[in-house]
Amino acid sequence: MSNNEQPTRSSRRQTDEERDEEQRSGGLVKKIILSIVGVVVLLFVAGAALFFYYASSAPKISQSELASQNGTTIYDSQNRVISRLGLQKREYAKDSQVPTTLKHAVVSIEDRRFYKHHGVDPIRIVGAATANIFGRSDGMQGGSTLTQQLVKLSVFSTAASDRTFKRKAQEAWLAINVERHFSKNQILDFYINKVYMGNGVYGMQTAAQYYYGKDLNQLSLSQLALLAGMPQSPTYYNPLSTNTQAATRRRNEVLNAMVRSKYITQAQADKAAQESITADLDSSHGNTSNGDVNVDEKVIDPYIKEVLADLQSKGYNPYNDGLQVHTNIDLAAQKHLYTAANDTVPFQSNQMQAGVAVTDPHNGQVVAMLGGRHTGNVVYGLNRAVQTNRSSGSTAKPLMDYGPAIEYLQWPTFKAVQDTKFYYPGTSIALHDFDNKYKGTMTMRAALVQSRNVPAIRTLQDVGIKRATTFLNGLGISQKKPYTLQNGIGLYISPLQVSTAYAAFANGGTYYEPYYISSITTQDGNVKRFSSKGHRAMNKATAYMMTDMLKGVFTDSQGSGREANISGVNQAGKTGTTNYPGGNQSGVMDSWMAGYTKNYSIAVWTGYDRPQSASPISDTYTNSAQWLYKDEMQYLDSRNHASNWKMPDTVEAVRVNGKRQLVIKDSKWALEYAAIDDDGDDSSSSSSESRSSSLSSSIVSSSSVFSNNQEQNSSSQTTQSSNANTTTPGNGNAGNNNNGQQTSPSNAGQ
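Under the working numbering, the first residue of the sequence shown carries the number 7, and numbering increases by one thereafter.
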């Protein structure tokens, strides 16, 4: 072989190897491509199979459902209709009554390919998906056609939890079927007559009357464009709002969309855009004033307000979803409460307000609720039953002071407490009661029944803020800032919170979170039921001993709640009042009455919305809270009488100084007294329980006495004036004085 042949053979061999490598690489690429195609096809087939599987279970849809109003219906606990959203008289516009301009406006802004697709628009879906990927859309709904929106409004809910592939598949399938059975004009008519337009108005014909006092065919291009754009966010684009910038911007977006779709010229759009968004608005709302109202809205207004808020928190749109909502309201109890507050019970003036919550201790159901008195025609106005901006006064004492003392320190009802001069630690600020007196040593029972402030705060000192906070948290009560000693005689909580917290005493120690809605039925027949799962907030012994003491608030000769006593009713409770900051006014600022039987828990607040500009509540009308509580509880118990509480086996009755008292079995105090036979009746409730000077030293134990550092130096402190009110250093939970310190939420001793 010559030297010239060797390189040639070598080159040929190298070329063959390269060709083989290229073939192998090409084969691998082909395999990868085929695998990807196979996976895509498999996913497509699987997706299609899943789509048709879900579609097969789609609900049926009828013409009446497509044409019906979408208002939510609300029922009471007895399945009676009490409210319908959409109070205005509804006018259905036939096709001949719907201007072509309005149809063009709706199609331009909502679905510009409406006349080209068959219910589902693949191009729109791809566009929405692209927008989602690049963050220019808020979710799957962007791909919905007008027909799909109509289907959703007719048979599905708009809750976020329902935005699933299954629901979208069913929605698409039904949209295709709707397009097969109805013309484009019919579908547009259904949509235009169904959408929610704000202010309880459904349908654009009704909206034309409500906003302009005219029919649709009498409106201008500007007005029609506004109506076409409102369904996206009726409240935000409301032309009756004080700020109409959003409505104007939305109207102009619709006009520009109509130009792009070549339905109007740019000149027409510019002229319409120059028209004021508030031009020709009708304050009398045309012919929509007659509504279908089953119950006087003022009676149930506060309850319905909370139901709507609850629905929205659960992800529903009560104005668009056509829901059937069953609630826990006892309509008879609600009506009685409304009448009692507005007509029966005397108040200092019509401006004196009240907030009331009635709950069921067995389950947390909110039975009735009063948001205020003489509230006029304001719909969904201020609900004082859920407001937390007023101090609860002495109704806090069982929750933060004495309840924790029994729970964590095992105090008996005869535990000795001190009602002696007290200064808040580290200050020269003295704590006083309504009578500006101190009563010395007394039992915990007597201190609670008589609502003495100093023993309550000394008890809280022994319990400690940490354990008191834990106890409150177990009763559904919390705040962002740490609690202080002063909160032991005043918490910033609502009547609803007080009612549900006291309900835990009523049922033996279980806290149930309050709830309004028992079930929600969506348009497709899906039913979701609700309940409150209780948790143990305290021992049965704590609940029973607290209840036993709180009975005396009504029946004891020195009890603070004697005005609310009801003969023959087994009840327990606590009053509360608060003074004006600074102590410059006589009378009180807030008055409370909270009480319960085994079947109901009621909390009542009374006062003025702006107390600084109102007359103080006089001694006489401090009792309005008790009178209102009594009126409602007497009515409730007459319908559902509650038996007396039965003493748990962890509690023993003993006799101390001739009085029936209670003690936790096997506690150190129980060892010093012999148990007595007890039928559960509080024989000590007929007289005051002041302690005699001969109280045994074993009762006045060292653990019962507060830290005496402040008291030992009391002679060097300035004595309070006879009319001084409590002022304490604060954490910002009450009104602030000029120095930035918190004025005390303490009560007036009752």
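By construction, the Cβ of each residue, glycine as well, lies at the ideal position given by its N, Cα and C atoms.
Query: As assigned by DSSP and simplified to three states, the class of Gln-667; Result: strand
Query: DSSP-derived helix/strand/coil call for Trp-598; Result: strand
Query: Counted within 10 angstroms of its Cβ, other Cβ atoms place His-110 as buried (16 or more) or exposed; Result: buried
Query: The stretch 385-395 in contact with the stretch 343-354 per 3-pair CB rule at 8 angstroms; Result: no
Query: Helix, strand or coil at Tyr-614 according to DSSP, with G and I counted as helix; Result: coil
Query: Local Cβ density within 10 Å of Asp-307, reported as buried at 16 or more and exposed below that; Result: buried
Query: Ala-315 versus Lys-172: straight-line alpha-carbon distance, rounded; Result: 27 angstroms
Query: Arg-542 - partner residues in DSSP beta bridges; Result: Thr-516
Query: Tyr-602 beta carbon less than 7 angstroms from that of Ala-512; Result: yes
Query: Span of the alpha helix (DSSP H) around Leu-415; Result: 409-415
Query: Contact under 7 angstroms by Cβ, Thr-419 with Met-450; Result: yes
Query: Distance, Met-555 Cα to Ile-412 Cα; Result: 12 angstroms
Query: Cross-strand partners of Ile-526 (DSSP beta bridge); Result: Val-331, Lys-534
Query: Cβ neighbours of Thr-153 in the same chain (closer than 7 angstroms, five flanking residues each side left out); Result: Gly-125, Ala-181, Val-184, Glu-185, Ile-193
Query: Buried/exposed call for Val-610, threshold 16 Cβ in 10 Å; Result: buried
Query: Candidates Asp-327, Ile-310, Val-265, Ile-270, of which the one nearest Phe-162 by Cα; Result: Asp-327
Query: Euclidean distance between Cα positions of Ala-474 and Lys-539; Result: 23 angstroms
Query: Collapsed DSSP secondary structure at Ile-67 in the structure displayed; Result: coil
Query: Per-residue burial, Lys-158 [other beta carbons within 10 Å of its own, 16 or more giving buried]; Result: buried
Query: Distance, Glu-519 Cα to Val-70 Cα; Result: Here residue 70 is Ser; the residue named in the question, Val, does not match the sequence. Those two C-alpha atoms are separated by around 40 angstroms.
Query: Backbone secondary structure at Ser-41 - three-state DSSP; Result: helix
Query: Three CB pairs or more closer than 8 angstroms across the stretch 232-247 and the stretch 201-214; Result: yes
Query: Segment contact flag, the stretch 655-663 with the stretch 611-622, C-beta cutoff 8 angstroms, min 3 pairs; Result: no
Query: Asp-82 beta carbon less than 7 angstroms from that of Leu-317; Result: no
Query: Alpha-carbon to alpha-carbon, Pro-367 and Ser-692; Result: With a pLDDT of 35 at Ser-692, under the threshold of 50, the predicted position of this residue should be treated as unreliable, though the coordinate-derived value follows. Cα-Cα distance, rounded: 27 angstroms.
Query: Met-203 in three-state terms, based on DSSP; Result: coil
Query: Cβ pair Asp-302, Gly-219 closer than 7 angstroms; Result: no
Query: Lys-277 (DSSP reduced to helix, strand or coil); Result: helix
Query: CA nearest to the CA of Leu-502, picked from Ser-563, Thr-394, Ser-228; Result: Thr-394
Query: Residue interval of the beta strand (DSSP E) (run including Met-448); Result: 446-449
Query: Nearest to Lys-403 (by Cα), restricted to the options Met-599, Asn-369, Gly-613, Met-595; Result: Met-599
Query: Thr-151 CB to nearest heavy atom of the ligand MG below 6 angstroms; Result: Only the bare structure without any ligand can be found here, which leaves the ligand MG out of the picture.
Query: Burial state of Asp-441 (16 or more Cβ within 10 Å); Result: exposed
Query: Span separating the alpha-carbon of Met-653 from that of Tyr-444; Result: 33 angstroms
Query: Within 7 angstroms, strictly: CB atoms of Glu-569 and Ile-608; Result: no
Query: Extent of the continuous alpha helix (DSSP H) run through Tyr-81; Result: Here Tyr-81 belongs to no alpha helix (DSSP H); instead the beta strand (DSSP E) covers 79-81.
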